[in-house]
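Numbering (my numbering), first residue to last: 20 to 394.
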């Protein structure tokens, strides 16, 4: 039975007939858009649905990626996206299989996961391939003239380390992608051209600062796509070029702080082979961009991928001949990352205090102190 009366959230004079009722305060509303404007009730309802329907469930990365991809394709073909979860009638036609099996509350919860960016929590933890056991105290001991505090910043704190499996409790062991058998670093290219053959003039001293930017974009994109998926190759490269100014916009950086951080990859396996991880990452990037270029259709996209691949090959040759520059870069990146982390923690603490003071994410409306009475 539909609620009687007009919607309680439509603008004055434009109220539509109410078709739903808020499950918390029973206020009538007409659409998902108006329900989202309901504030705290909408937020708490979505959160309860997500926690109630999805707690304790597990999903394989491939199945979840397929579901996310199909839902995104369906949204792109719809003329009026966004309120499929609460609209009466049949579900979207493009999801006749998986989507039809979901209850209305599950549809709402799933779309809420997408809109809030929380779908990644359903995936098992993923550990990058460069979190190996090679980089350890031996490298830090060689940094004899570096301050001990800076050296320690090269290694992440235990709180930021990916969780280790519990060996004493088999039931509690969580499979970590990246620790699986065969999850080894990409192969370093067997043939790396000499730097002089790629550049006619003298190499700019600012080239070194492009390396952290490219590696940071590589690490960020792999983490975002949970290690990458061949079916999402085009999206993977689009994200990569969007994050990396050095690859996507041919941007030049003047310091490691501008290029952000990729210290762990720069450290490599150890002092005996410090450049190995960087060479492996750049080689993997060049191969990925090459595969994406073969699939690309638009000439502009093909040209952009070609230039990005050439940049990776140039940095590959530069790294191969300038291994001694990696340690200072790693220290600079760790310092810059520490400063950004401290600033982010300060902002988060201040935001929490304000939300606690306001009683929500938004400040309360100003009260009218003096009101002029008619007459």
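Virtual Cβ for every residue (Gly too), placed ideally from N, Cα, C.
Secondary structure within the segment 308-348: the alpha helix (DSSP H) runs of 4 or more consecutive residues, fully enclosed, are 318-340 (chain order). Pairing residue 204 with residue 149 gives a Cβ-Cβ distance under 8 Å.
Residue 370 counts as exposed, since fewer than 16 other beta carbons sit within 10 angstroms of its beta carbon. If you draw a straight line from the Cα of residue 261 to the Cα of residue 246, it is about 18 Å long.
Counted as a single uninterrupted DSSP element, the stretch harbouring residue 206 is not any alpha helix (DSSP H), since DSSP gives it neither H nor E.
By the Cβ criterion, the segment 205-220 is in contact with the segment 334-344, since at least three pairs of Cβ atoms, one from each stretch, lie closer than 8 Å.
For residue 377, the secondary structure class from DSSP, reduced to helix, strand or coil, is helix.
Under the three-state reduction of DSSP output, residue 47 falls in the strand class. Pairing residue 367 with residue 343, the inter-Cα distance amounts to about 37 Å.
Between residue 311 and residue 252, the CB-CB gap stays under 8 Å. Residue 150 sits in coil when the DSSP states are folded into three classes, being neither helix nor strand.
Counting only residues of its own chain and dropping the five nearest sequence neighbours on each side, residue 208 has a CB closer than 8 Å to the CB of 298, 302, 305 and 335. Here residue 223 is exposed. Its C-beta has fewer than 16 other C-beta atoms within 10 Å.
With respect to the C-alpha of residue 36, the residue from 26, 217 and 45 having the closest C-alpha is 26. Beta-bridge partners assigned by DSSP to residue 240: none are found. One Cα belongs to residue 240, the other to residue 385, and the distance between them is close to 43 Å. About 15 Å separates the CB atoms of residue 266 and residue 315; that is not less than 8 Å, and the two are not in contact.
Each residue's CA atom was taken as its position, placing residue 257 and residue 230 some 19 Å apart. The continuous alpha helix (DSSP H) containing residue 130 extends over residues 123-135. Annotation: the continuous alpha helix (DSSP H) that includes residue 261 extends over 252-262. For residue 297, the three-state secondary structure derived from DSSP is helix.
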